[in-house]
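In this note's numbering, the protein residues as written are 314 to 1160.
Now the structure itself:
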């Protein structure tokens, strides 16, 4: 026995000497211990030239030959992963995140770019990709085809990445875990960037290994192109590319000078340039997205990261499986750092470095597991390594790799079917059911119809399905004067109004809305929303039955639908403060008409329209047209680009009797006013106040006049008058063409020595005074001035020499100390008229 041990010992020494010295018996130089360990782990390879004595093909890298059974198992795992991702792919409805992507992708390239710059927290490139993918179709299956394919491909690619580092058994377990991984299954069945990011991350990790081992031009180009493609999907891909750069920097000290100068440094330069795809956009949007809280601490982000890791280690669709996940992960980490330290450092870098950056940045913007899904490959490889350490026999490993996806498929297609494959599956915790809303809305989409949403952005999401199922488009709607009723539907996925500070007030407002709509014709309670329907009887128009007349026409849904004369392509936005009307879609004019019937015998000449509007953005169209009886509509207000007021004050002057006045409001919202939810609501109509004055021949003008510093008509026993207020009054009016004008006035003067200058368009044309003090309304001074009015805007200014409460006060100037107004002259006649043909006119009051 001792003899055999001696033979074995000396044979081993001879074998070691021959390996060390080479076949020719000459000892070759050996690299340092650090370089030798790095190469033996497979992390460097040809970074050291063969002359250095470091073997390129290390048997410890991807050790073990694949058997036919391994390949069959891989085929089974990929097939089960394919079935789990593609089964009933078109059954669940769109969740909110998917709908946001689709609504944005439907718009033009400029809209997508502006949206990324102003309202979104993502780069615009993924929306362009989705826009290109829409050629495949608009069905749920067609839209999710590519994410599901990327998810299935990830299963195979993870196996190939595992083979670059481990034996076939570990690689099979990693692929099996990913095939049945609940989080990855959810991501792969949604039109979101995350499945593409995971797929490309696996490929990047594999190709980075190839590039480190063999820094050839081919490996450099393909990895650089892959990184550029990766950066198109999300800002979080900056963390992946940054981790790649950190790994490459870590091996530079161990690489040859030629590899560093000709391959590694150029690659780092190209990578730095590719970061410009995302980095400027990220810096521009950092901290500006709604919901971003800069007051969070690193401890909060660290705690949130641990919570997300706990959710991500639930790699099987069973409760409490995250405990097993933590155990396998811990065993895998210990096993790797005991036997394959550099491989463990490589995988750990793709977990620790990105999470460390997020913690240092105090990240807190919608931080959920899928936002760090790019760590899934490294996470599962650690778990697979832990499982391999606990299952030393190859047969047990192969059995586990086969059972994991098959058992997951049985569970998901039976007892857990509702989690992924039902129409209202709660994927990512979203409870929306836009598809179900659209299906149940169809019976109520009669003509005419109005559909209200308590959340206005849901209109576009539901409309996405309606355009597929029916010929209805909620953005194309019409109400005609002859329609007797409007079928009105309210879709509410919660309280109609939301206001946590005033819950009782909003509840009462919601109850009032439901009561004002009348008797309900149907109530359809879904799992995620309630659909309530009414038939609202119409009585279009308003009646002017006495003068003076005052009324208000607002956007309150029941009143608007009852009284609007005609409407098309508008949407009603609900709010507890005030309902508003907006265009139903971008770059599509929405308009409505209000009609007033004049039943008075008197000539209703002076009319005031005060339009209350809301706007945020630029380039809006907001126009007001007026038409008397059957005459052609006339544009009386066109929103100027520099308009800042919330109210457009319009004054109309009618020279002939009329029976009907039609006021039409036209609105359009350009795509440049982007919205996160795709709602074209940056220009809105709230209400219109209407006032018709009682005729007064002495104090009425023949043209529509904007009076400034001139009071309303006051009536006393001595007569009717208007006050002119100091230091000056003005009358502004608009003419279509140059024509002769006449100013007639009769003024009563209470101040001794009063003077008045009359200016037309800034030029003094007449002076009056000095005037003696006159008895109250018993004596007046008449003035008549003919002048030439110019085309466009004209201003007549009355400049007073003295007035009540003037500082310094003129003798006898403060004649009414108890009246705080700056009274100058009382006009018993104040009239602007055309010297020629009498025409209707209008004017927009100064803001």
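Ideal Cβ placement from N, Cα and C applies to all residues, glycine included.
Computed from a prediction, not measured in an experiment: that's the story for all the values here.
For residue 1080, the uninterrupted beta strand (DSSP E) run begins and ends at 1076-1084, by DSSP. By the Cβ-count criterion, residue 557 is buried, with 16 or more other Cβ atoms from all chains shown falling within 10 Å of its own Cβ. The bridge partners DSSP lists for residue 1099 are 1055. Counting only unbroken stretches of 4 or more residues, the alpha helix (DSSP H) elements lying wholly within the segment 476-545 are 481-492, 495-501, 507-526, 530-543, in sequence order. Across the structure, residue 1121 and residue 961 are spaced so that their CA atoms are roughly 37 Å apart.
At the C-beta level, residue 868 and residue 998 come within 8 Å of one another. Secondary structure note for residue 817: its alpha helix (DSSP H) is the uninterrupted segment 816-829. DSSP places residue 1007 in the coil class of the three-state scheme, outside both helix and strand. Here the segment 526-546 does not lie against the segment 713-732, with fewer than 3 beta-carbon pairs under 8 Å apart.
Looking at the DSSP output, residue 433 shares a beta bridge with no other residue.
Rounded to whole angstroms, the Cβ separation of residue 879 and residue 895 is 17 Å, and the two are not in contact under 8 Å. In this structure residue 522 is in contact with residue 477, their Cβ atoms being roughly 5 Å apart against a cut-off of 8 Å. Secondary structure at residue 912: coil, using DSSP grouped into helix, strand and coil. Taken through DSSP and simplified to helix, strand or coil, residue 806 comes out as coil. Its Cα nearest to that of residue 665, the residue 691 stands out among 641, 479, 691, 684.
Residue 413 is positioned such that its CB atom lies no closer than 8 Å to that of residue 453.
Per DSSP, reduced to three states, the secondary structure at residue 955 is coil, with no helix or strand assignment. Buried is the label assigned to residue 1047, since at least 16 other Cβ atoms lie within 10 Å of its Cβ.
Contact annotation: residue 685 and residue 668 have beta-carbon atoms nearer than 8 Å. For the alpha helix (DSSP H) assignment, the uninterrupted runs of no fewer than 4 residues enclosed by the segment 566-643 are, from N- to C-terminal side, 578-587, 592-598, 611-625. In the three-state DSSP reduction, residue 784 falls in the coil class, being neither helix nor strand. Counting C-beta pairs with one atom in each stretch, the segment 1098-1111 and the segment 1064-1084 have three or more that are closer than 8 Å, which means they touch. The criterion of a C-beta distance shorter than 8 Å is not satisfied by residue 714 and residue 513. Annotated as distal: residue 803 and residue 761, with beta-carbon spacing of 8 Å or more. Residue 1045 places its beta carbon less than 8 Å from that of residue 1019.
Residue 822 places its beta carbon 8 Å or farther from that of residue 718. Counting only the Cα atoms, residue 379 lies some 29 Å from residue 496. Rounded to whole angstroms, the gap between the alpha carbons of residue 942 and residue 1146 is 24 Å.
In the DSSP annotation of this structure, residue 991 is not part of any beta strand (DSSP E), being labelled neither H nor E. Below 8 Å, too few C-beta pairs join the segment 571-583 and the segment 617-635 to call them touching: fewer than three.
One Cα belongs to residue 492, the other to residue 471, and the distance between them is close to 10 Å.
Here residue 925 really is in contact with residue 959; their C-beta atoms are around 6 Å apart, less than 8 Å. For the set 1131, 854, 582, the Cα lying nearest the Cα of residue 795 is the one of 854. Taking 8 Å as the cut-off, the beta carbon of residue 1034 is found closer than this to the beta carbon of residue 1139. In this structure, the CA atom of residue 435 is about 15 Å from the CA atom of residue 422.
The Cβ atoms of residue 411 and residue 504 lie closer than 8 Å to each other.
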